[in-house]
Each structure stands twice: as structure tokens, then as C-alpha cells.
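One gets the numbering used here by counting positions in the sequence shown from 1 and adding 824 to each. Ideal Cβ placement from N, Cα and C applies to all residues, glycine included. From a predicted model like this one, the values you see are computed outputs, not experimental measurements. Below: the structure, in C-alpha cells.
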Amino acid sequence: ELEKAAREQYSKHVKALIQVGATRTSGYCAELGYPAELVPLNNPYSLRVGGNLRVKAVVEGEPVPNQVVIAGGRTPGGARIAQRTVRTNRDGEASIRIGSRGAWYVKFIHMEKVARDTIDYESKWATLTFGVR
825 ELEKAAREQY
835 SKHVKALIQV
845 GATRTSGYCA
855 ELGYPAELVP
865 LNNPYSLRVG
875 GNLRVKAVVE
885 GEPVPNQVVI
895 AGGRTPGGAR
905 IAQRTVRTNR
915 DGEASIRIGS
925 RGAWYVKFIH
935 MEKVARDTID
945 YESKWATLTF
955 GVR
């Protein structure tokens, strides 16, 4: 299957969380109804280095179990934060250890085989970005 030519349709869905001021709000955990979405289960702006960000992977409104989730980013000085990979549990939830300050991303790609004349696969990409001070 991997050696066969395939036609793919994809869509990308991005959420950027931005903290303004010192007041923490509850809007970080809102599900926006995107076809693919990462929903933070705790506020990334309340995290300290060494803490864990919990996220839920959602596709078409449903949690996705056993989904590969990748996290990484850049430090304030511009150095790459090494990517780390985790899998969601049966509830579609995963925990990412925050190893350094910087601009972070968490992402996943959900790929499905489809029975259409024009495409063989449909992929839905979800990315969440945030900062850790």
C-alpha cells in the first residue's frame, strides 16, 4: 500500500492561544468545531517548565484514540525545541511535558482512506500554538 500512488485531499486547522496581561481566562479550552482540533485541557499560560500540557485530539467533534501527537517549538533565543511524540489514550487525550520556555506547537494529522472517484485519502491537520514563559 505504501508503494502505490495515491491522491490525497487535505485541510489544515490552526488555533493560536495568545495571553494578554496577567489575568488567566477560561477561553483556552473552547472547542471551535473545526474538522480537526486540539483542545487544551489545562491553560498553557499557567504552565511552568517541567509541567505537562494536557490536550484532547478531536476529529469531526469526536475524540480520537491512539492518535500520534507531535510537540516542539523554539526557545526565546531561536533554538529548536526537540520534537517529542506521544499517543492519545482511549479518550483522545495526551500529555506533553514542557521542557523549556519558548513558542510551542502541538499537532497531529488524521488520515482516512475514502471511497471517492477523485481521491484515495483525506487528511485533516490540527495545530495548536502557544507560549511558555
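- With a cutoff of 8 Å on beta-carbon distance, Gly916 and Val882 are scored as near each other.
- Leaving aside the five residues that flank Gln891 on each side, the residues in its chain whose CB is nearer than 6 Å to its CB run, in chain order, Ala881, Thr912 and Phe932.
- The shortest CA-to-CA distance from Gly902 to any of Ser924, Ala830 and Pro887 is the one to Ser924.
- Within the same chain, Ala840 and Tyr929 come within 6 Å of Thr953 by CB-CB distance, once the 5 residues on both sides are set aside.
- The Cβ atoms of Arg957 and Ser919 lie no closer than 8 Å to each other.
- Residue state for Gly955 is assigned as strand, using DSSP reduced to three classes.
- In this structure, DSSP gives Tyr852 a helical state, which the three-state scheme calls helix.
- Residue range Ala860 to Pro864 is occupied by the beta strand (DSSP E) that includes Pro864.
- The beta carbon of Glu855 sits closer than 7 Å to the beta carbons of Glu861, Val863 and Val882 from its chain, once the five residues preceding and following it are set aside; these are given in chain order.
- In the DSSP assignment, Tyr869 falls outside any beta strand (DSSP E) and carries neither an H nor an E.
- DSSP places Leu877 in the strand class (E or B) of the three-state scheme.
- If you draw a 10 Å sphere on the C-beta of Val893, you find 16 or more other C-beta atoms in it, and that means buried.
- When DSSP states are grouped into helix, strand and coil, Val838 belongs to the strand group.
- When DSSP states are grouped into helix, strand and coil, Val893 belongs to the strand group.
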